[in-house]
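Chemist:
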Amino acid sequence: MKKNTFGKWINRLGILFLLLLILMSLTAEWIAPYDPVQVDMSNRLQPPSTEHLMGTDAMGRDILSRIIYGGRTSMILATAASSGTMIIGLFVGILGGYFGKWLDEIIQIFVKIFQSLPPLSFMLAIAGVLGPGFQSILIASLIVSWADFSRVVRAEILKIREESFIQGLRVLGAGHGYIIFRHILPSIIGPFMVLFTAQVGRTIIAIASLSYLGLGLQPPQPDWGVMIFDAKTYMRTDPHLMYFPGIFIIGFCFSVNLLGDALRDFFDTSERKDQPFL
Amino acid sequence: MNNRIDVNHVHVAFQTKEGLVKAVNHLSMSFEKGKVTAMIGETGSGKSVLGLSLLQLLPDNSLVSGEAFYENQNLLTMKASEIRKIRGRKIALIPQNPDTSLNPLLKIKRQLLEVVTGNHRQPIKTAIFNELKRYHFTDPERVAEAYPFQLSGGMKQRILAAAATIRQPEFIIADEPTKGLDVLLRHEVYQIFQQMKQDTHIGFLLITHDLIFANHIADHLLVLYAGEIMESGPTQDLFTEPSHPYTKGFIEAQPYKSLTPIPGMPPSLIHLPTGCAFHPRCPYKKTLCQQEKPPLFSVNNRKVRCFLYA
Amino acid sequence: MTYALPYALKKIILALPVLIGVSVIAFLLGVVALGDPAREALSADGVSTPTQEEIDVKRRELGLDQSLGKQYQQWIGGILQGDLGTSFMTNIPIAEEFRDRLPKTVALSISALLLVIFLSIPLAVLMAVYQHSWFDHIGRLFSLLLISTPGFLAAILLMMFFSVHLRWLPTSGYGTFSHLIIPSLVLAFGTSGVIMRVNRATLLEVLNKNYILNAHAKGLTNPFVLYRHALRNSLLPVITLIGNYFGGILGGSAIVETIFAIPGVGRYAVEGIMSMDYPVIQAYVLFTGVVYVLFNLLIDLSYIIIDPRIRLGGDQG
Amino acid sequence: MLELRKVTKSYGRGWPFSQKITPVKEVSFSVYPQKTTGLVGKSGCGKSTLARCITGLQPIDSGHILYQDVSLNRLSFRDWLPYRRKIQMVFQHPDTALNPKKKILESLKEPFRLHRILPEREAVQKIRESLAFFGLTEDILFRYPHQVSGGQIQRVALLRALSLQPELLVLDEPTSMLDVSVQAQMIQLLQKIQQEFSLSMLFISHDIHLIKAISDQVLIMKEGRILEQGSTESIFSNPIHPETKKIADSLRVGLF
Amino acid sequence: HAGSTDADSATSQEVEIAQEDEKDLYEKEVVLAGPRDVAPGPEDAFYMSSILSVWEPLVAIGPDQQPAPKLATHWERNEDATEWIFHLKEGVTFHDGHSFDADAVIANYDRYSNMHGKSSSFYTFHFDAVYPHFESIEKIEDHQVKMIFSEPFALLPYNMANFGSAMYSPDSFDETTDFTTIAQGTGPFRLVEHERNQYVRLEANEDYYGEKAQVKNIQIRIIPDPQTRFAALKAEEIMGVLDLGALTPELTRQLLEDDRFDLSYQPSTITHYLSCNGTRFPFNDPRMKKALSLAIDRELLVQEFYNGYPEPTVNILNAASPFAKTISPVYDPEKAQALVKEVLGDQTPELEIIVPSWALDRYPYKEQAEYLQSVLSELGLPSSISIMDGAAFRERQAQGDFDISLHIQGLPDLNPMTIFNRFMHSEGSTNIAYSLGFSNERVDELLAQLAVETELDLIKEVVDELQSISAEDISTLPMFHDVTLAPHHKALKNYEATVYGVDLPGISWR
Ligand SMILES: Nc1ncnc2c1ncn2[C@@H]1O[C@H](COP(=O)(O)OP(=O)(O)OP(=O)(O)O)[C@@H](O)[C@H]1O
Ligand SMILES: Nc1ncnc2c1ncn2[C@@H]1O[C@H](COP(=O)(O)OP(=O)(O)OP(=O)(O)O)[C@@H](O)[C@H]1O
Ligand SMILES: [Mg+2]
Ligand SMILES: [Mg+2]
Ligand code: NI
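Protein chains in written order, with this note's numbering: chain A, 6 to 283; chain B, 8 to 317; chain C, 2 to 318; chain D, 17 to 272; chain E, 397 to 906.
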């Protein structure tokens with residue numbers, strides 16, 4: 006067998022990086038060299054130096070400090086939004102997938118409605134009603150992505166619902182709740198983690214893209230996506246504005262996805278370990 | 008020697024996380040054309056692995072050594088492009104599971120047609136219909152237009168057999184061709200094999216759990232245990248008078264016999280027992296059995312791997 | 002064929018409530034967002050500030066003083082007769098704008114879709130065939146990179162490289178095929194990443210199936226087995242997924258159209274949203290919703306052809 | 017003790033399909049205490065469906081399923097519960113009989129937990145004690161299903177079903193995936209259990225030899241109907257129905 | 397002898413080649429780009445922007461920012477400014493051949509008077525606002541018209557400048573006031589093709605009465621994204637940019653680092669403002685506005701974010717207005733600090749700065765807001781920034797649900813009253829719409845006086861006073877008067893920025 010050592014090695018590296026990121030944002034107060042929102046007009050657009058390891062941005066703020074603090078917003082927001090999505094998606098998916106029949110048909114109608122509406126206009130409408138900022142991003146990404154999630158959950162449940170071990174449990178006298186929580190949920194957790202982690206990555210980018218419409222997080226709150234977005238004007242003359250947050254976003258998405266893969270492998274105790282779900 | 012396959016000292020092992028799984032161990036034998044050689048043994052005794060190894064169809068994690076001569080070529084070390092010419096043409100396989108061995112999205116016609124390559128469609132089609140008729144399909148046109156899910160298990164089994172025989176191979180490796188078939192269908196398969204053996208002189212390597220089936224059709228019987236041959240010889244002899252304790256136990260376990268199982272479990276193929284592989288379960292074991300591996304002793308016209316016959 | 006008809010019927014009947022729901026939400030989305038369309042219409046030039054009376058007159062003129070139910074009735078009535086309403090901002094009938102813009106968005110989306118297909122599926126095949134090889138690992142990283150790069154960034158970088166640096170392709174605009182290359186690449190990126198991963202996985206699953214082993218046992222060549230037996234079967238779930246993502250491609254076209262100066266419906270929608278031009282928002286949401294529903298209906302129906310089990314009543318009820 | 021009266025079950029293909037498949041048609045028979053009833057039939061003739069109806073996994077369309085004169089098919093989920101302990105089932109496929117993501121011990125604890133028979137600790141104790149009876153060893157408890165053989169899984173499934181001390185056990189082709197030796201082990205075990213626990217069994221199989229060897233009463237099923245019913249002896253020695261005749265003949269000829 | 401003929405023919409050939417070249421250059425298309433559609437089409441009040449030089453007004457804006465003759469060669473009025481006579485240029489024809497005369501002018505005015513707030517992406521046309529108390533227009537002679545007003549209106553030519561008096565061929569519109577063909581003007585260019593939202597094509601009008609255009613073909617593409625316009629310039633796909641927000645200051649700076657490009661700029665009519673919510677605490681106290689004005693270093697703002705082109709100001713009236721005077725800002729953070737202390741004591745209200753998202757594509761408003769935030773924080777005032785789409789922004793402004801907003805304001809016409817009326821009249825539309833909460837009796841008085849004043853000199857005096865008041869009693873805080881930036885490729889000659897765009901007829905290939 007060709008050993009998948011490279012893949013494992015890369016997985017570990019990813020998880021290590023993720024841990025570092027989390028540690029970094031937890032200790033932001035102590036390790037950030039400067040105040041992330043302190044404007045210093047005399048120090049604009051400095052290239053990386055010993056004083057500012059990653060240089061300064063268009064407002065003369067220290068990029069390193071902004072990245073350290075920005076990780077906090079980006080990661081919390083992305084994780085919170087994805088968790089919310091996941092919970093709703095799970096709930097609806099189980100409702101439709103497990104109980105099936107007409108309930109499923111009705112739920113599928115709603116799922117399709119939400120899937121078919123353009124996310125952009127949804128997000129804008131929500132930002133319009135709630136004003137831009139943290140909670141509208143959260144709600145917007147919930148509304149936009151729960152449907153996709155629930156469909157995947159439903160499909161997974163449909164697959165195992167017919168397995169004879171589930172029927173066996175019913176013969177033993179297990180109720181629906183027992184079967185769902187003790188057996189079905191743990192069974193789909195692997196593929197689910199992959200989806201979840203992919204969603205985390207996507208949310209960070211969605212926030213950045215919302216900034217394109219001026220509806221993302223509000224300044225001067227540092228956020229990786231927003232930092233990249235703001236950097237685009239300067240990317241030709243001061244590319245460091247873009248590189249650093251870019252590296253962190255991509256690095257984060259990478260390692261979150263790798264974590265997903267690793268988690269799936271971890272939860273998947275069946276033989277077919279080689280087969281990735283996504 | 009064109010009419011036999013000589014297998015010499017074949018070893019097949021699989022690399023796994025837990026260790027090396029030694030599925031087939033120093034196995035030697037030969038198959039002859041026009042004869043049915045049946046291979047029986049408990050689950051996991053290496054029957055399918057041996058069959059697949061002859062056509063180089065094992066997965067990547069397998070390590071194969073030894074030789075299997077066919078027309079003076081070693082099947083096990085042949086180049087991929089050459090073995091491909093042998094597969095299906097000279098040596099065909101009837102795979103283990105009829106339900107999953109046909110592509111669910113393709114018509115039967117297509118799956119049969121692709122076996123017979125060439126551009127002359129019309130003659131090929133008639134050849135296919137003829138082949139199907141031979142397998143007691145009364146309406147070959149309809150069957151050819153059908154998809155696998157529209158056919159019953161027995162029909163699928165026969166289609167797979169047809170796909171294997173259509174090119175008139177010299178040998179067929181049939182892996183459990185009667186699994187999951189009911190009495191009547193099994194009888195049909197029996198008749199077809201019987202007919203092929205007589206009409207076209209094909210050599211069969213029959214892998215099966217179905218001892219009754221093997222008893223009726225096979226000329227030669229091989230009893231496998233933990234990847235080794237325990238006993239081999241003419242079928243009738245072995246069934247009426249099994250020599251090896253394992254063969255005995257196995258035959259006795261049949262429902263129409265005493266339904267008594269062989270005590271114990273098959274050994275781990277990673278850590279094979281020392282000495283005779285069967286000794287932990289053997290009622291006649293001696294101390295020698297634990298220390299030394301018995302060779303194949305020739306007794307009458309059969310071979311037995313047991314010190315009882317030393 | 003006896004099964005195909007009821008199957009198709011069921012899919013079509015189930016699409017109807019979805020369409021109705023889409024239309025209601027489309028209507029509400031326009032209404033619910035903040036801002037007064039009348040004021041917006043009157044300050045379109047960016048220099049005027051209308052007085053309250055002017056705004057009131059405009060509101061009446063635009064029919065905004067009526068109840069929501071009545072507005073919806075009128076709106077949907079118009080739609081059914083092919084009248085999508087008139088833009089508050091430009092006074093141009095929306096149907097006319099759509100007629101101009103639709104071909105552009107469709108061209109963009111379709112070419113992005115084709116790119117997704119021709120980019121991700123061959124790569125996925127290679128990755129699955131050479132599983133655990135360097136190609137596979139690099140492909141995996143590449144797919145992650147595609148998923149995690151923001152579209153606007155990809156757009157700027159591609160534009161800088163292919164248009165400004167190499168001068169191979171135009172930066173923006175619409176007209177020739179070359180105009181569509183970069184935008185559809187950008188649009189295709191994220192989806193391709195996902196499809197690559199999914200297709201690789203489904204293909205690996207199929208390659209482990211017995212019928213693949215059997216095909217090899219028949220003496221067929223590798224490419225033939227891959228093409229005839231593995232690929233098609235592995236694409237079944239991928240097709241559904243592509244259907245799901247088509248919505249994303251359509252929606253994502255809004256930003257891409259703005260960046261690359263393609264006057265499609267996406268850009269129209271962004272402009273409409275920015276100026277609270279709600280007939281435009283409503284028409285757009287309705288439009289993408291309907292296209293999505295129809296596209297997925299098409300995909301559902303295409304299974305009649307692709308999957309014989311549905312056509313002939315296999316165990317897929 | 018179990019009596020079926022004109023049980024019919026059909027599947028529609030969901031709306032708007034009008035086709036209906038009726039795998040079980042007006043089936044009537046009885047299962048007697050401490051006896052083994054064999055059910056034979058070709059694959060697809062409705063055996064498994066019948067088993068699922070009896071165990072309440074699927075509602076039936078018409079007819080009655082009486083267990084000790086209580087009509088099971090009218091019971092609500094809650095009222096079924098006491099009967100769950102009395103009627104148990106073992107399935108055909110060893111590879112999906114247990115949750116692949118749980119260790120064997122977890123699966124074995126399930127019946128105790130569900131019916132609150134014994135506290136956790138005692139349950140584990142009891143499981144350990146009964147392992148030997150089923151020819152299993154302790155190390156198996158901490159493995160996952162795919163790490164043990166099919167024969168072992170079927171035995172674990174049996175152990176689990178029997179830990180509720182049922183009166184009736186429905187076995188849906190429990191040995192069809194096993195080799196003769198393991199099959200024999202399983203059968204031996206079942207016979208031992210039947211003696212010890214005074215169990216009634218409904219044994220489903222398409223292996224006539226097997227059925228003949230183990231059952232007291234045989235039912236022959238074809239296309240959803242019971243063709244013939246009678247004691248093993250009478251069925252095989254003087255079959256009435258032509259189909260049954262064919263089967264019995266094949267046995268007698270010694271062929272198959 | 398033979399040699400000399402050779403030489404002669406050679407030179408004539410050269411001349412020919414040169415002429416050929418010149419002709420080629422004349423016909424070679426100039427491709428430019430702007431962020432929005434400069435010709436939205438028949439439903440727009442003007443069909444297309446004035447920068448295309450397709451239509452011309454009766455009265456134009458002169459280089460001194462005063463009303464200047466265009467299709468009207470001169471005009472006179474009666475004493476009390478209720479009757480105006482306009483003398484029209486003779487020998488002018490529209491692009492469709494229709495001749496320009498009094499009938500054509502009257503037809504145009506008939507169209508205008510039917511327009512009640514017709515939308516336009518350039519200039520929403522309210523006839524009653526541009527021509528207050530209009531009674532009628534009459535033909536006096538073939539090339540003379542008379543306008544009659546019921547009340548005196550001394551500033552009429554100021555209102556008529558440019559968009560106030562655009563003239564089209566009467567054959568190109570109908571009674572619905574929409575255009576029926578491509579709008580036919582009299583200018584040096586005619587519009588030959590326009591693909592909505594993609595591009596417009598202009599062709600030089602060979603029969604133009606005045607100085608003809610220097611290139612025959614101009615295409616103006618629409619590229620909404622500034623980054624893309626920048627890339628297109630760099631790729632030499634387009635040779636220049638025009639219209640409002642042609643290129644952001646930062647991108648312009650970057651472009652000029654490439655010596656293929658050059659920049660022309662002109663003061664524009666746009667002024668950047670910072671409006672405080674005067675309807676609620678703390679900016680309902682005028683001292684707070686004053687403090688903010690003192691605390692902002694406008695010079696720094698202009699230098700850092702706008703490359704130093706715009707002119708910092710505290711004058712509400714744009715410098716491009718013929719009435720404007722220069723009032724320089726004062727930067728005095730200490731005084732500001734003191735004023736804030738005075739008003740707030742030790743209260744620290746949390747302030748919200750709102751920014752319209754559309755502006756981000758044109759100006760570094762996000763940076764500006766962040767700068768403002770740091771200024772406020774130095775004053776001890778915490779604040780948050782909300783970027784929102786245009787509609788939500790205006791809604792918030794109207795409802796007074798904000799503290800500080802960033803916005804621009806252009807001069808709609810040359811009439812200074814428009815700005816003062818809107819911003820500083822206690823019932824001014826902007827004053828209300830932006831929740832400025834401004835009220836100054838003297839201003840109301842002066843505005844009333846201005847409305848009936850007929851003498852230009854006196855008007856000027858009043859306007860001067862209004863400007864002084866605007867700098868002292870702040871309604872809204874002017875930041876700086878912006879410039880029109882016209883970055884372009886050096887291959888183009890005479891690519892000159894104007895107040896509003898670029899002088900297209902002057903452009904030629906180098
Ligand atoms: N790819 C593989 N990797 C690791 N072990 C394998 C692999 N393939 C087969 N084996 C092991 O090799 C042994 C022999 O398997 P094989 O399939 O030949 O058994 P068999 O005799 O055909 O059994 P059955 O009757 O169940 O078909 C088994 O223990 C099996 O687990
Ligand atoms: N859930 C279901 N929905 C629709 N049809 C079903 C369902 N379950 C079974 N059937 C159909 O009912 C018939 C009887 O199936 P059943 O599984 O009971 O047969 P069986 O006798 O157990 O066969 P086998 O020996 O192969 O297990 C088959 O034709 C099957 O396709
Ligand atoms: Mg096998
Ligand atoms: Mg069954
Ligand atoms: Ni591997």
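No residue lacks a Cβ here, since even glycine has one placed at the ideal position from N, Cα and C.
(1) Is the Cβ of E/T624 closer than 9 Å to any Cβ of chain C?
(2) Compare the C-beta of C/D84 with all C-beta atoms of chain E and state if any pair is closer than 9 Å.
(3) For the candidate residues A/G76, A/E56, A/G98, whose alpha-carbon lies nearest to that of A/T32?
(4) For A/P5, which residues in chain E fall below 8 Å Cβ to Cβ?
(5) Given that E/Q650 touches chain A, what residues does it touch there, using C-beta distances under 7 Å?
(6) Hey, would you say E/L598 sits closer than 9 Å to E/L900, going by beta carbons?
(7) So that I know if they touch, is there some Cβ in chain C lying closer than 9 Å to that of B/N10?
(8) Output the distance between the C-alpha atoms of C/V107 and C/I250, rounded to the nearest integer angstrom.
(9) Does at least one heavy atom of ligand 2 sit under 8 Å from the Cβ of D/E189?
(10) Using only CA atoms, which one of B/K310, B/F285, B/H223 lies nearest to B/K300?
(11) Would you list, in chain order, the members of the stretch 270 to 303 of chain C that have their beta-carbon closer than 7 Å to a beta-carbon of chain A?
(12) Any idea what DSSP makes of C/Y228, helix, strand or coil?
(13) Is E/F482 closer than 9 Å to E/K419 when the C-beta atoms are compared?
(14) State yes or no: is the beta carbon of A/A179 nearer than 9 Å to at least one beta carbon in chain D?
(15) By alpha-carbon positions, which one of E/R592, E/Q415, E/F677 ends up nearest to E/L740?
(16) Return the residue from the list E/P812, E/N836, E/A887 that minimises the CA-CA distance to E/L852.
(17) Determine the DSSP secondary structure at E/Y761, reduced to helix, strand or coil.
(18) So that I know if they touch, is there some Cβ in chain C lying closer than 9 Å to that of E/A787?
(19) With 7 Å as the C-beta to C-beta threshold (strictly closer), list the residues of the stretch 155 to 173 of chain B near chain C in chain order.
(20) For A/G5 versus A/P250, is the C-beta distance shorter than 9 Å?
(21) Which whole runs of the alpha helix (DSSP H) in the stretch 151 to 231 of chain D are 4 residues long or more, in chain order?
(22) Just to confirm, are C/A262 and C/L188 a CB contact at a threshold of 9 Å?
(23) Apart from the five residues just before and just after E/G897, which ones in its own chain have a Cβ nearer than 6 Å to its Cβ?
Modeler: Well, looking at it:
(1) yes
(2) no
(3) A/G76
(4) Missing from the structure shown is residue 5 of chain A; chain A here goes from 6 to 283 and no further.
(5) R241, T242
(6) yes
(7) no
(8) 10 Å
(9) yes
(10) B/F285
(11) A270, I274, I282, Y285, V286, T289, G290, Y293, V294
(12) helix
(13) no
(14) yes
(15) E/F677
(16) E/P812
(17) helix
(18) yes
(19) F156, Q157, A170
(20) In this structure chain A extends from 6 to 283, so residue 5 of chain A is not present and cannot be described.
(21) 166 to 178, 196 to 213, 224 to 230
(22) no
(23) I447, L638, D639
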